[in-house]
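Residue numbers are given in my numbering: position 256 of the sequence shown equals residue 1673, and the series is strictly consecutive.
Some notes on the structure that comes next.
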Amino acid sequence: MDLDIRRIPFDDAAASQRLQHEAFGGAASAPTADGWPPAGSRPWGAWLDGELAARATVRSFTSWFHGARVPTAGLGGVTVAAEHRGAGLLRPLMDAGLADARDRGATVSTLYPSPAGIYRGLGYEIVGSYDEVTIPLSALATLRRPSDVRTRRARAADVPAVRAVYERWAAAQNGPLTRSEAPFALEADEMVGPDADDTGVSLAVDASDGTVLGFVSWTRATGHDRTTDLEVDDLVALTPDAARALWFVLGSFATVVGAARVSTSGAWSGADVSRLVLPDHVATTTSRPYMLRLLDVPGALGSARLAPLTAQVPFAVRDPRTPDLEGSWLLRVRDGAVEVVADAAPAGTATDRPTFTAGGLAQSYAGSQSCANLRLAGHLHGPPEHDALWDALWTGRPVHVRDYF
């Protein structure tokens, strides 16, 4: 059969939407010429004998990893028509979309998988999760409003301060979007006013000088018999008392609302630090795995700001499933600045250095697994004398992701 892989033009946008609807359900919206492709996205398709048989969308954004803004290719809406599954369309489709993303400057790619195993074969590995945590508001009953923090509703003039709080928090994590580009940016008309996305955005501010220390965005469902929930999209705080004050705001709804449903990540792994101030740990959590793949090894690792030390570590990537990532390098760190340079050792043959699979390097880069665990899982081979140093360089930042694409 004749296979043609290219970007999806508007003439095939409706067929693309139907494929996505068949795979994931939901309403199949009618695309318009001026809205195709959606902002920041590049839809790719695979045609068999002129029929659109598979599709995927690559969305461009930036995310935080190791104190740096990292160009990221978010993969979504990946589906193959039921009649053509198993025909080998996914890999060439993904290869085309990711090669284009790499050419456009992306150094990592992320996705939420349906079956994780399919994407493991393409070099992705699970590094975190997107969690929805349901917390009974009765569990907040013993919280007290801190005396050094007060709360108030956000106004349009507060948006720059909210952005600054978010950036300070996000820069210390691995994975959050920078939210500096559309459609993810924190915009005033989406946060406050009659057309805001949420019912309210509440701020925690320093009681002495009014400095914004945190914010929570919440949406109030209809009803007042404690069977409804508050939907919480963001709860970000820079101090423990700011977190307590924001939870107190949510807990004040306890007489009419049953629970808060909080969109978060890393439920108890260190990423969701705001929950550490709660008096009780009663909660239920549903999670979606989040996967990462490197597209450019020197580009991704070389952008990081690591611990302020000076070191040199040889390493390699050997994985026949991802020939584009195979190679041997030297990682040089000088006072926290990173340089990754190609080494003389032939790709895939190094035995004198730690040698990762593509998935192993993704987990190590994200800080989600130690070298010891990667060795247990078969993702790391070679001499272990650099393992402690490698872990010291790359672990320590929690993985925190959100369902923005």
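Note that beta-carbon positions come from the ideal geometry of N, C-alpha and C, so glycine has one too.
* **Cβ contact check for the segment 1729-1749 and the segment 1572-1591: 3 or more pairs under 8 Å** => no
* Thinking just about the alpha-carbon of each residue, which of A1456, D1623 and P1460 is nearest to the one in A1432? -> Against the sequence shown, residue 1432 aligns to sequence position 15. Taking only the C-alpha atoms, the option nearest A1432 is P1460.
* Taking Cβ to Cβ, would you say G1494 is nearer than 8 Å to A1473? -> Translated into positions along the sequence shown, residue 1494 becomes position 77. Translated into positions along the sequence shown, residue 1473 becomes position 56. Contact: yes.
* Sort out for me which residues DSSP pairs G1493 with in a bridge. => Start at 1 with the first residue of the sequence shown, and residue 1493 comes out as number 76. Beta-bridge pairing links G1493 to T1474.
* Take D1575 and list the residues in its own chain whose beta-carbon comes closer than 7 Å to its own, dropping the five residues that flank it on each side. => Within the sequence shown, the letter at position 158 stands for residue 1575. Closer than 7 Å at the Cβ level, and outside the excluded window around D1575, lie L1620 and V1629.
* Asked: Among S1555, P1706 and W1811, which has the Cα closest to the Cα of G1824?
  -> An answer regarding residue 1824 cannot be provided, because it is not within the stretch 1418 to 1822 covered by the chain.
* To do: Could you check the C-alpha separation between T1449 and P1455 for me, to the nearest Å?
  => The residue you call residue 1449 lines up with position 32 of the sequence shown. The residue you call residue 1455 lines up with position 38 of the sequence shown. Taking the straight line from one Cα to the other gives about 10 Å.
* Can you have a look at H1796 and say buried or exposed, based on whether 16 or more other CB atoms are within 10 angstroms of its CB? => Mapped onto the sequence shown, residue 1796 falls at position 379. Classification of H1796: buried, given that the 10 Å Cβ count is 16 or more.
* Asked: What's the call for H1641, buried or exposed, on a 16-neighbour Cβ count within 10 Å?
  -> Stepping through the sequence shown from its first residue, residue 1641 is reached at position 224. H1641 should be labelled exposed.
* Count the other CB atoms, across all protein chains shown, that sit within 10 Å of the CB of D1713; report buried if there are 16 or more and exposed otherwise. => Counted from its first residue, the sequence shown places residue 1713 at position 296. Buried, by the Cβ-count rule.
* Asked: Is the segment 1664-1680 touching the segment 1542-1562 in the sense that three or more CB pairs, one from each, lie closer than 8 Å?
  -> yes
* Would you kindly work out how many angstroms separate the C-alpha atoms of A1759 and T1656, rounded to a whole number? => Locating residue 1759 in the sequence shown gives position 342, counting from the first residue. Locating residue 1656 in the sequence shown gives position 239, counting from the first residue. Approximately 42 Å between the Cα atoms of the pair.
* Asked: If you draw a straight line from the alpha carbon of W1635 to that of G1443, how long is it in whole angstroms?
  -> Looking up residue 1635 in the sequence shown gives position 218. Looking up residue 1443 in the sequence shown gives position 26. When rounded, the distance between both Cα atoms is 24 Å.
* For Y1707, the residue or residues it bridges with in DSSP -> Position 290 of the sequence shown, counted from the start, is the residue given in the question as residue 1707. G1545.
* In the DSSP assignment, find the unbroken alpha helix (DSSP H) run with S1433 in it and report its ends. => For the purposes of this step, residue 1433 is taken as residue 16 along the sequence shown, with counting starting at 1. S1433 -> alpha helix (DSSP H) spans A1430 to F1441.
* To do: Please list, in chain order, all residues of the same chain as L1469 whose beta carbon is under 6 Å from its beta carbon, the five residues on each side excluded.
  => Within the sequence shown, residue 1469 is the residue found at index 52, counting from 1. Contacts found: D1429, A1432 and G1462.
* To do: Look at the Cβ atom of T1778, then the Cβ atom of V1750, and state whether they are nearer than 8 Å.
  => The count along the sequence shown starts at 1 and reaches residue 1778 at position 361. The count along the sequence shown starts at 1 and reaches residue 1750 at position 333. Before going on, a small fix: residue 1778 reads as Leu here, not Thr. No.
* Euclidean distance between Cα positions of H1501 and P1426 -> As a first step, residue 1501 must be located in the sequence shown, where it is residue number 84. As a first step, residue 1426 must be located in the sequence shown, where it is residue number 9. So the alpha carbons of these two residues sit roughly 21 Å apart.
* Ordered along the chain, which non-local residues of its own chain (more than five positions away) have a Cβ less than 7 Å from that of G1617? -> Here residue 1617 corresponds to residue number 200 of the sequence shown, with the count starting at 1. Correct list, in chain order: R1570 and W1635.
* Asked: Ordered along the chain, which non-local residues of its own chain (more than five positions away) have a Cβ less than 8 Å from that of S1625?
  -> Sequence index remark: in the sequence shown, residue 1625 carries index 208 (1-based). Excluding positions up to five away in sequence, the list reads D1565.
* Asked: Which runs of the alpha helix (DSSP H) spanning at least 4 residues fall entirely within the segment 1604-1643, listed in chain order?
  -> 1605-1608
* Assign V1497 to buried or exposed, taking buried as 16 or more other Cβ atoms, counted over all protein chains shown, within 10 Å of its Cβ. => For this step, residue 1497 is matched to residue 80 along the sequence shown. Buried is the call here.
* Asked: If you count every other CB in all the chains shown that lies within 10 Å of the CB of E1598, and 16 or more means buried, which is it?
  -> By 1-based counting over the sequence shown, the position of residue 1598 is 181. So E1598 counts as exposed.
* Pairwise C-alpha distance: L1492 and D1651 -> Counting from one through the sequence shown, the residue named residue 1651 turns up at place 234. Counting from one through the sequence shown, the residue named residue 1492 turns up at place 75. Approximately 23 Å, taken between the alpha carbons.
* CB of R1643 within 8 Å of CB of V1666, strictly -> As a working mapping, residue 1643 is identified with position 226 in the sequence shown. As a working mapping, residue 1666 is identified with position 249 in the sequence shown. No, they are not a contact pair.
* To do: Determine the direct distance from the alpha carbon of V1525 to that of P1744, and round the result to whole angstroms.
  => What you label residue 1744 is simply residue 327 of the sequence shown in a count that begins at 1. What you label residue 1525 is simply residue 108 of the sequence shown in a count that begins at 1. Note that residue 1744 corresponds to Gly in the displayed sequence, not to Pro. Rounded to the nearest angstrom, the two C-alpha atoms are 17 Å apart.
* Given that a residue counts as buried once 16 or more other Cβ atoms are within 10 Å of its Cβ, and exposed if not, what is M1418? -> Within the sequence shown, residue 1418 is the residue found at index 1, counting from 1. Looking at its Cβ environment, which holds fewer than 16 other Cβ atoms inside 10 Å, M1418 is exposed.
* Asked: How is the beta strand (DSSP E) around D1744 delimited, first residue to last?
  -> For this step, residue 1744 is matched to residue 327 along the sequence shown. According to the sequence displayed, residue 1744 carries Gly and not Asp. From DSSP, the beta strand (DSSP E) with G1744 extends over G1744 to R1751.
* **Contact belief for L1742 with G1538 at Cβ below 8 Å, rounded distance in angstroms** => Numbered from its first residue, the sequence shown carries residue 1742 at position 325. Numbered from its first residue, the sequence shown carries residue 1538 at position 121. 13 Å between Cβ atoms; not a contact.
* Asked: Cα separation between D1512 and H1803?
  -> Here the question's residue 1512 lines up with position 95 in the sequence shown. Here the question's residue 1803 lines up with position 386 in the sequence shown. Whole-angstrom Cα-Cα distance: 33 Å.
* Mapping DSSP to helix, strand and coil, what is G1683? -> Here residue 1683 refers to the residue found at position 266 when the sequence shown is read from its first residue. Three-state result, G1683: coil.
* Using the C-alpha atoms, what's the distance from D1736 back to V1633? -> In the sequence shown, residue 1633 corresponds to position 216, counting from 1. In the sequence shown, residue 1736 corresponds to position 319, counting from 1. When rounded, the distance between both Cα atoms is 43 Å.
* To do: Could you pull the start and end residues of the alpha helix (DSSP H) that I1535 belongs to?
  => For the purposes of this step, residue 1535 is taken as residue 118 along the sequence shown, with counting starting at 1. First-last of the alpha helix (DSSP H) with I1535: A1533 to R1537.
* So what does DSSP say about R1692, is it helix, strand or coil? -> Within the sequence shown, the letter at position 275 stands for residue 1692. R1692 falls in the helix class under three-state DSSP.
* Asked: Within 10 angstroms of its Cβ, does T1672 collect 16 or more other Cβ (buried), or is it exposed?
  -> Numbered from its first residue, the sequence shown carries residue 1672 at position 255. Looking at its Cβ environment, which holds fewer than 16 other Cβ atoms inside 10 Å, T1672 is exposed.
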